[in-house]
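Residue numbers (my numbering): 87 to 295.
As structure tokens, this is what we get:
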């Protein structure tokens, strides 16, 4: 049974508040997205398997636990998802990184794919899809569908801001995917933007607004 986790932590609330502020500049915005990705990664990896090992400390031998080798891959949805990669790799340095490029048709609000490059052994890996904004849900749904076509069985989605409409669509389209977001907002407006949201995450990360 998949689950949806909306983060409830003071650090997450604080950093999301700073992200929302229209006066937060590109450098700080980028750093906040990366930091939130790290915090979300911590929560999303609670179920990673471990094995007991013996470690020789400077004082004695300790029985302790280490990750038992589950292979991971990160797949950011271009371009905004790129802002989350470094924060994830801070905790998962051995993860491979694929990329899926989607843009939203401004008339239909549906995603249009223009790029897809995934690790050759993607089917053997647990995949974490990254996108700061879960608005209509179209991009996340399409990206996960593309990944499933490569034989991947274990997929999670990590976002920062979600809208109820997009969350519901993603849950219905991919009921086997665990979803982790930092905040769930009020609604989408008529243009498919999250309200109150934080504006266009890609523009704010890369300074193109």
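We put the beta carbon where it would ideally sit given N, CA and C, even for glycine.
Using a 10 Å radius around the Cβ and a threshold of 16 neighbouring Cβ atoms, would you call residue 225 buried or exposed? Against the chain shown, residue 225 aligns to sequence position 139. Per the 10 Å Cβ criterion, buried.
Just list the beta strand (DSSP E) runs in the stretch 195 to 222, keeping only unbroken ones of 3 residues or longer that don't cross its boundaries, in chain order. 197 to 203 and 212 to 216
Cβ contact (3+ pairs, closer than 8 angstroms) linking the stretch 264 to 279 and the stretch 204 to 222: yes
My output table needs one value for residue 260: the three-state DSSP class, helix, strand or coil. Here residue 260 corresponds to residue number 174 of the chain shown, with the count starting at 1. Three-state DSSP puts residue 260 in coil, outside helix and strand.
List the DSSP bridge partners of residue 294. Taking the chain shown and counting its residues from 1, one reaches residue 294 at position 208. DSSP, once it has assigned bridges, lists no residue as partnering residue 294.
In angstroms, rounded to a whole number, what distance separates the CA positions of residue 177 and residue 284? Position 91 of the chain shown, counted from the start, is the residue given in the question as residue 177. Position 198 of the chain shown, counted from the start, is the residue given in the question as residue 284. Spanning the two alpha carbons is a distance of roughly 26 angstroms.
Taking 8 angstroms as the limit between beta carbons, can you name the residues of its chain near residue 199, skipping five residues before and five after? As a position in the chain shown, residue 199 is number 113, starting the count at 1. Answer for residue 199: 186, 187, 188, 228 and 232, listed in chain order.
Could you tell me which residues DSSP puts in a beta bridge with residue 149? Here the question's residue 149 lines up with position 63 in the chain shown. DSSP output for residue 149 lists 140 as bridge partner(s).
Distance check for residue 105 and residue 91, CA to CA, integer angstroms please. The residue you call residue 91 lines up with position 5 of the chain shown. The residue you call residue 105 lines up with position 19 of the chain shown. Taking the straight line joining both Cα atoms gives about 20 angstroms.
Short check: CB of residue 167 to CB of residue 124, under 8 angstroms? Counted from its first residue, the chain shown places residue 167 at position 81. Counted from its first residue, the chain shown places residue 124 at position 38. The answer is no: Cβ separation not under 8 angstroms.
Helix, strand or coil for residue 102? Go by DSSP, reduced to three states. Within the chain shown, the letter at position 16 stands for residue 102. It is helical.
For residue 154, which residues from the same chain have a beta carbon less than 6 angstroms from its beta carbon, with the 5 sequence-adjacent residues on both sides left out? Looking up residue 154 in the chain shown gives position 68. Counting only Cβ-Cβ distances below 6 angstroms, and skipping sequence neighbours, we find 135, 136 and 137.
Given this structure, state the Cα-to-Cα distance separating residue 271 from residue 247, to the nearest angstrom. For the purposes of this step, residue 271 is taken as residue 185 along the chain shown, with counting starting at 1. For the purposes of this step, residue 247 is taken as residue 161 along the chain shown, with counting starting at 1. Spanning the two alpha carbons is a distance of roughly 7 angstroms.
Where residue 203 and residue 230 are concerned, what is the direct C-alpha to C-alpha distance, given to the nearest angstrom? Taking the chain shown and counting its residues from 1, the one referred to as residue 203 is at position 117. Taking the chain shown and counting its residues from 1, the one referred to as residue 230 is at position 144. Between residue 203 and residue 230, the C-alpha separation is close to 13 angstroms.
Within the same chain, show all residues whose beta-carbon is closer than 6 angstroms to that of residue 76, passing over the 5 residues directly before and after it, in chain order. The requested residue 76 is not part of the displayed model; the chain covers only 87 to 295.
Verify whether the separation of the beta carbon atoms of residue 241 and residue 160 is less than 8 angstroms. Here residue 241 refers to the residue found at position 155 of the chain shown. Here residue 160 refers to the residue found at position 74 of the chain shown. Not closer than 8 angstroms, so no.
Compute the Euclidean distance between the alpha carbons of residue 258 and residue 234, then round it to the nearest angstrom. Taking the chain shown and counting its residues from 1, the one referred to as residue 258 is at position 172. Taking the chain shown and counting its residues from 1, the one referred to as residue 234 is at position 148. One C-alpha to the other measures close to 15 angstroms.
Neighbour-count burial assignment, residue 260, 16 or more Cβ in a 10 Å radius: Taking the first residue of the chain shown as 1, we reach residue 260 at position 174. With 16 or more other Cβ atoms within 10 Å, it is buried.
Continuous beta strand (DSSP E) stretch holding residue 90: start and end: Here residue 90 is taken as the residue at index 4 of the chain shown, counted from 1. Element bounds for residue 90: 90 to 92.
Cutoff 7 angstroms; reference residue 249; Cβ partners in own chain excluding five residues on either side: Within the chain shown, the letter at position 163 stands for residue 249. For residue 249, where only same-chain residues beyond five positions count, the Cβ hits under 7 angstroms are 220, 221, 271, 273, 274 and 280.
Buried or exposed: which applies to residue 93, given that a residue is buried once 16 or more other Cβ atoms fall within 10 Å of its Cβ? Stepping through the chain shown from its first residue, residue 93 is reached at position 7. Looking at its Cβ environment, which holds 16 or more other Cβ atoms inside 10 Å, residue 93 is buried.
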